[in-house]
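A quick write-up on the structure given underneath.
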Amino acid sequence: MKKLGFGLMRLPLIDPENPESIDQEQLNKMVDHFLEEGFTYFDTAYPYHQGKSEVAIRKALVERHPRESFTLTDKLPTWIATKYEDYEAIFEEQLERCGVTYFDYYLLHSLDVKRYAETSKLGGFKFVKKLKEQGKIRHIGISFHDKAALLDQILMEHPEIEYVQLQINYLDWDSQLIQSGKCYEVATKHKRPVIVMEPVKGGYLANVPPEAVELFKKYNPDLSIASWAIRFAASLENVFMVLSGMSSFEQMADNVSVMKNFVPLNDEEMRIIKESVEIIKKKVVIPCTACRYCVDGCPKHIAIPEYFAIFNERKTFGPTPVQVFFYNNLAREHGKASDCIACGQCEEHCPQHIKIIDALRDVAKELEAEKETTQGVKK
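First residue of the sequence shown? That's 1 in UniProt numbering, and the numbers climb one at a time after it.
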């Protein structure tokens, strides 16, 4: 199996403001091209695109290609269930949405210390073992967002876990918060293969500061900036799949061209990446990956990932009137950053452990102070 997987969390949209408005025609073309080039792994989840990702992949993949021609992964949303019966209802709904009778890979989604305790108490591990015994899933896994010590504990306590999905990218590798490198080492110690999520950190590593771009392009002007991040993750020996959330045919074509005949990073390329990390670290303010877990349930309907993206761009590349123009446009349809009531539900769901409440205050201070015309020019 080729190492590139199609992550279905950031699909092409007809309306960029509506995550449910998936461009089905473009997705169909992307799926066809992906399969034609020899790639077969697709990764969806219950909350992606507010529940529409599973339906979209049924239409693009399941209804148009033989079941044996692809590998389909789904995930059990551990934070939704309040009783064991919820697991059963959710799983049956996922089968129906996706139009399949089984999943090749099935994960307990987004485990951290709190969700591990809750899932253990409700019988989540017992549930997925039963699914495997019934032939409704082929492989049991977890996706994980916490410290390496907890991952070590989980893998010791649950030998039924066959693989681990981890956030790994070159920026988070040595992070004491995300602990990508340490978690990878734990999975390797337990002989559990790794699936990589967020290799481009929600697109951030495709849009690095100019100084880092210069380093990459000087070495190889033909390689895209994002491809360096994909290759970093794929070069790790214990990684068997790298997921990329491709939202356009162009992104897919680039990833496929790099991964079709994959070549691991050499020593000089690793040196360039390490140098680029130091450049990027000086610029990053809010390490948001736009996973959107913070958005569901926000009582003020604040466009948190979009506001953070604007804020990071402003800090990385300098302030422009257009940034405030875009912010004001978003604020017409969503809550402003200053509308935050500090309820904390967003921080509870953030895999990056961002202090979202404080960050929203910074966004408000930075972006709500200026007035713009409709052309984005300061009054």
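The beta-carbon is built from N, C-alpha and C at its ideal position, and this holds for glycine as well.
It should be emphasised that the depicted structure is a prediction, and the values quoted were computed from it without experimental measurement.
The beta carbons of lysine 132 and isoleucine 142 sit no closer together than 8 angstroms. With a beta-carbon spacing of about 7 angstroms, glycine 38 and lysine 260 fall inside the 8 angstroms limit used to define contacts. Annotated three-state conformation of glycine 7 is strand, per DSSP. DSSP links phenylalanine 103 through a beta bridge to Ile137. By the criterion of a C-beta distance shorter than 6 angstroms, tyrosine 41 is surrounded in its chain by Gly5, Thr71 and Met241, once the five residues flanking it on both sides are discounted. Unbroken alpha helix (DSSP H) stretches of 4 residues or longer found wholly inside the stretch 176-208: 180-189, given in chain order.
Taking 8 angstroms as the cut-off, the Cβ atoms of glutamate 54 and cysteine 98 count as close. Closest option to methionine 1, judged by alpha-carbon separation, among Ala234, Ile286, Glu250 and Asn329: Ala234.
Taking the C-beta atoms as reference points, alanine 309 is found no nearer than 8 angstroms to alanine 331. A distance below 6 angstroms between beta-carbons, with the five flanking residues on each side excluded, links arginine 138 to the following residues of its chain, in chain order: Asp104.
Contact annotation: valine 128 and valine 100 have beta-carbon atoms that are not nearer than 8 angstroms. Taking the CA atoms as reference points, histidine 109 sits about 12 angstroms from phenylalanine 125.
Along the length of the stretch 112-165, whole beta strand (DSSP E) runs at least 3 residues long occupy 137-144, reported in chain order. Between lysine 315 and valine 285, the alpha-carbon positions lie close to 7 angstroms from each other.
Under the rule that a run must span 4 or more residues, the alpha helix (DSSP H) segments found entirely inside the stretch 216-287 read 225-234, 249-259 and 267-281.
In the three-state reduction of the DSSP assignment, lysine 336 falls in the coil class. Distance from the CA of histidine 145 to the CA of serine 180, rounded to the nearest whole angstrom, comes to 9 angstroms. Distances from the alpha-carbon of threonine 78 to those of Arg64, Pro47 and Arg58 put Pro47 closest. Aspartate 358 and histidine 65 have their C-alpha atoms some 47 angstroms from each other.
Inclusion of isoleucine 279 and alanine 212 in the CB contact set at 8 angstroms is warranted, their separation being smaller than that value. Around the beta carbon of lysine 355, a 10 Å sphere encloses fewer than 16 other beta carbons of the protein chains shown; the residue is thus reported as exposed. Under the three-state reduction of DSSP, tyrosine 48 is assigned to helix. Inclusion of lysine 52 and glutamate 96 in the CB contact set at 8 angstroms is not warranted, their separation being larger than that value. About 4 angstroms separates the beta carbons of glycine 245 and glycine 7, which is inside the 8 angstroms limit, making them a contact pair. Per DSSP, reduced to three states, the secondary structure at proline 321 is helical. Judged by DSSP secondary structure, lysine 365 falls within the alpha helix (DSSP H) whose first and last residues are 356-367.
Within a 10 Å sphere around the beta-carbon of alanine 149 sit fewer than 16 other beta-carbons, which makes this residue exposed. By the neighbour-count criterion, in which a residue is buried when 16 or more other Cβ atoms sit within 10 angstroms of its Cβ, alanine 342 is exposed.
Under the three-state reduction of DSSP output, glutamine 24 falls in the helix class.
Closest by C-alpha distance to aspartate 86, out of Gly344, Leu122, Glu347 and Pro159, is Leu122.
By the Cβ criterion, the stretch 25-37 is not in contact with the stretch 262-273, since fewer than three pairs of Cβ atoms, one from each stretch, lie closer than 8 angstroms. In this structure, DSSP gives histidine 349 a helical state, which the three-state scheme calls helix. The beta carbons of lysine 300 and aspartate 339 sit closer together than 8 angstroms. Relative to alanine 337, the option among Gly344, Thr73 and Tyr327 whose CA is nearest is Tyr327.
Cα atoms of asparagine 238 and valine 194: separation of roughly 6 angstroms, rounded to the nearest angstrom.
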